[in-house]
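Numbering of the sequence shown is given in my numbering, commencing with residue 11 and proceeding in unit increments.
Written below as C-alpha cells is the structure these notes are about.
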Amino acid sequence: MLVKNLISDQKKSTEKFEIIGTLEIIEDFYLGFELLPRKILVWLPKDYNSKRKLNTRYNVLYMHDGQNLFDPNTSYAGKHWKVSETVSKLSRLGKIEDLIVVGIYNTPDRLDEYDYSSKGCNYLKGIVNNLKPYIDSNYRTLTGRENTAIMGSSMGGLISFYAGWYFSEIFSMAGCMSSSFYYNNDKVIKLVSEYSGEKIPVKFYIDHGEDGLIRGQKMFCLLTQKGYVIGSDIDYFYAPNAEHNEGEWAKRLERPLLFFFGSKNQIS
C-alpha cells in the first residue's frame with residue numbers, strides 16, 4: 011500500500027488554498043466487503059511530527075467525499091471544504107484540540123454506498139473493520155468512541171447519520187450537513203420516526219441551507235422528540251440563502267468542529 015504526499019493532478023482551480031500540516035494519500039485502499047478500492051487522505055496537524063508532540067495522541071474525524079476536503083484542484087466544481095485551514099485555525103486559537111482527519115474518496119458506487127443499502131452497510135463495515143484499525147495502527151490516535159467522529163454532506167451527511175445510528179459503539183459524533191434525508195422515499199425519516207428504543211448515545215450535528223429546509227427541520231424535531239437536547243447532544247443550524255456546494259459547507263465547518271471537539275462545546 012503506497013503512502014505519499016498529496017500532489018494535485020486534476021484541473022487547476024482559481025480558488026486560493028493552503029494545506030497546513032501534512033496531507034498523506036493512501037492509494038487503492040481496500041475496505042473489503044467486495045467494495046471498490048479508493049484513495050484515503052490522512053491529514054495530520056502541523057506539529058504532529060515535532061519532538062514535543064511525539065507522545066501526543068489525537069481525536070479522529072472521518073469524512074466522506076475525500077477529494078472535496080483539502081484541495082480545490084481535486085474537488086467537485088473547483089471548491090473545497092478548507093478542512094486543513096479551518097481545523098488549524100481553531101486549534102491555533104485554542105478553541106479545539108488538534109485532531110487527525112481521514113478523508114475517504116468516493117467511487118462510482120457513491121449513491122449506493124452513501125445510502126443504507128446492502129452496499130452502504132458494507133461501506134460502513136469497511137470503515138469500522140478495516141480502515142479504522144489501519145488508521146489506529148499507523149497513526150497516533152485516541153481509539154475510543156468518545157474520540158471518534160464521522161461527517162459528510164448531502165449523501166455523505168446521510169451515511170454519516172446512519173453511521174452514528176447503527177455504529178454508536180464506534181462513533182460518538184455524527185456531522186450531517188445538507189443531508190439527503192429525502193433519499194429513498196424518506197427512509198431515514200421513517201426510521202427515526204418509528205424508533206421507540208433508548209436514545210442512541212451519539213452527538214448529532216444537523217444543518218442545511220435552502221436545500222434541505224423541510225427534511226432538515228423534520229429530522230431535528232424528530233430527534234428532540236426522542237430526547238436529544240439542543241447544545242448537549244444535538245446541534246441544528248439553518249443557513250438562509252445558502253446553496254448546496256462545498257464552498258457553503260466550508261463556511262459552516264467551524265460549527266460542528268466546535269460542537270464535537272470544543273473544550274466547552276463552543277458554538278459561534
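Backbone N, C-alpha and C fix where the C-beta goes; we use that ideal spot for every residue, glycine too.
Bear in mind the structure is a predicted one, so any value in this text is a computation, not a measurement.
Cβ atoms of G42 and N140 come within 8 Å of each other, at about 5 Å. Within the same chain, and ignoring the five residues on either side of M187 in sequence, the residues whose Cβ sits closer than 6 Å to its Cβ are S163, G167, D217 and W259. Within a 10 Å sphere around the beta-carbon of S182 sit 16 or more other beta-carbons, which makes this residue buried. At least 8 Å separates the beta-carbon of L103 from that of W91. Straight-line spacing of the CA atoms in L100 and I160 works out to 18 Å. Straight-line measurement puts the Cα of A249 at about 23 Å from the Cα of L71. For W259, the enclosing alpha helix (DSSP H) starts and ends at E256 to R262. With distances taken between CA atoms, I35 lies nearest to V52 out of V52, L45, E25 and F27. G241 sits in coil when the DSSP states are folded into three classes, being neither helix nor strand.
By the neighbour-count criterion, in which 16 or more other beta carbons inside 10 Å mark a residue as buried, D245 falls on the buried side. Closest by C-alpha distance to V93, out of G76, Y192, G207 and Y58, is G76. Annotation: I240 to G130 spans about 29 Å, alpha carbon to alpha carbon.
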